[in-house]
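Just so we're aligned: the sequence shown equals residues 89 to 402 in the numbering used here. One structure is given here, and the rest of the page talks about it.
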Amino acid sequence: MHSHHSHSGDYISHAEGQLEEMVLTAKKNGFTHFCLTEHMPRLDDMYLYPEEIDKKYTKLDLGENFERYLAHARKIQARENALGDIKILVGYEVEGIDDAHIEAANLISERTDMCVGSVHYVNHIPIDFNADLWLKARESVGGTSRELYKEYFELQYRVLKTLKPAVVGHFDLIRLFDVKDHDPTTGKDFHARTIQQDWPDVWSLIVRNVNFVVEYGGLFEINGAAIRKGWETPYPQTDIAQEIIRQGGKFSLSDDSHTYAQIGLNYHKVWDYIVNTLHLETIYHLDFDPTGAVTVVEDKTSELSLLSFWAQYK
Numbered sequence: 089m090h091s092h093h094s095h096s097g098d099y100i101s102h103a104e105g106q107l108e109e110m111v112l113t114a115k116k117n118g119f120t121h122f123c124l125t126e127h128m129p130r131l132d133d134m135y136l137y138p139e140e141i142d143k144k145y146t147k148l149d150l151g152e153n154f155e156r157y158l159a160h161a162r163k164i165q166a167r168e169n170a171l172g173d174i175k176i177l178v179g180y181e182v183e184g185i186d187d188a189h190i191e192a193a194n195l196i197s198e199r200t201d202m203c204v205g206s207v208h209y210v211n212h213i214p215i216d217f218n219a220d221l222w223l224k225a226r227e228s229v230g231g232t233s234r235e236l237y238k239e240y241f242e243l244q245y246r247v248l249k250t251l252k253p254a255v256v257g258h259f260d261l262i263r264l265f266d267v268k269d270h271d272p273t274t275g276k277d278f279h280a281r282t283i284q285q286d287w288p289d290v291w292s293l294i295v296r297n298v299n300f301v302v303e304y305g306g307l308f309e310i311n312g313a314a315i316r317k318g319w320e321t322p323y324p325q326t327d328i329a330q331e332i333i334r335q336g337g338k339f340s341l342s343d344d345s346h347t348y349a350q351i352g353l354n355y356h357k358v359w360d361y362i363v364n365t366l367h368l369e370t371i372y373h374l375d376f377d378p379t380g381a382v383t384v385v386e387d388k389t390s391e392l393s394l395l396s397f398w399a400q401y402k
């Protein structure tokens, strides 16, 4: 089994647990491939989170932490890949804040095996930290959810175009704190509207972004973190997942773990979504080819369904 997205408390203040123990837990839980993907350092103190401010961090601390992470992760990778029980890929998660961060990520990509291409900010305001900040971001771009979505998917496109990330992180993260209110652009309430039918301008951006990822061969993660945050499905929700399928996109698995207990958390629900809702016959994971280059490997869902891995969820 695989996960392409993880964090540890050693190097990320909003996570818990040691990087070494995260890898050991993944091994114990039956993972064969596990990507280490700590967040890239943010470039300005204005982007510090409360827990980082409490530690009296500056952007310099974030940069130093990230360098320590890369060195530590490479040591773990060399040891574990030699042992052969689990394959470790050393990567990072993009902070798609603005063009400066995207360009900085380009340099990091030269030193890592892969990256998770994500957007966590719109107009320099976090959109997945809490509902108040999500609303603040919405107000900053004109006050409608429709405009906020447009800004999010435009920024996502800039991340995709510049970096061509191996894995596209939580494609529709912008939905996490969406408020169930009246939409002045359509006159409809939250539950009565769909992006495809009611926001065609937003949907066209989604279609464009999906198309670009399909063209360069990136993977769309099916990310189980959404379930632990209250969703019935992983990211992305069914409407976008079906568009990815329609365009021939490839999906990968991620738990987006931030502590030991989240490694593989809700994977049985993720798998039910993959098999019984999306009806996927294949899933993909990153690996190394015989030359040491990162490659994409196809797996049959019918074969993965037979793994003893699933016994832990009974």
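Ideal Cβ positions, reconstructed from N, Cα and C, are used throughout, including at glycine. Keep in mind it's a predicted model, so treat the numbers as computed, not measured.
Pairing Val-210 with Leu-243 gives a Cβ-Cβ distance under 8 Å. Note on geometry: alpha-carbon atoms of Asp-271 and Ala-219 lie some 17 Å from one another. In the three-state DSSP reduction, Asn-299 falls in the helix class (H, G or I). Below 8 Å, too few C-beta pairs join the segment 371-385 and the segment 127-137 to call them touching: fewer than three. A direct Cα-to-Cα measurement between Leu-236 and Thr-274 gives close to 15 Å. For Pro-138, the closest alpha carbon among the candidates Val-178, Leu-221, Asn-354 and Met-89 is that of Leu-221. Going by DSSP, Glu-109 is part of the alpha helix (DSSP H) stretching over 107-116.
Contiguous beta strand (DSSP E) elements confined to the segment 100-172 occur at 121-124, taking only those with 3 or more residues. Secondary structure note for Ser-228: its alpha helix (DSSP H) is the uninterrupted segment 219-228. Residue state for Ile-174 is assigned as coil, using DSSP reduced to three classes. Judged by their CB atoms, Thr-347 and Gly-105 are nearer to each other than the 8 Å cut-off. If you draw a straight line from the Cα of Thr-200 to the Cα of Lys-252, it comes to about 14 Å. Beta-bridge annotation (DSSP): Asp-277 is paired with His-270.
Between the segment 120-130 and the segment 360-372, the count of Cβ pairs shorter than 8 Å is below three; the stretches do not touch. If you ignore the 5 residues before and after Lys-238, its C-beta comes within less than 6 Å of the C-beta of Val-290, all in its own chain and listed in chain order.
Beta-bridge annotation (DSSP): Pro-214 is paired with Tyr-209. Residue pairing of His-90 in beta bridges, as defined by DSSP: His-121. In this structure, DSSP gives Glu-309 an extended state, which the three-state scheme calls strand. Separation of the CB atoms of Asp-260 and Pro-324 is rounded to 5 Å, and the pair is thereby assigned contact status at 8 Å.
Segment contact: the segment 350-360 against the segment 303-323, three or more CB-CB distances shorter than 8 Å; contact assigned. Taking 8 Å as the cut-off, the Cβ atoms of Asn-311 and Asp-344 count as close.
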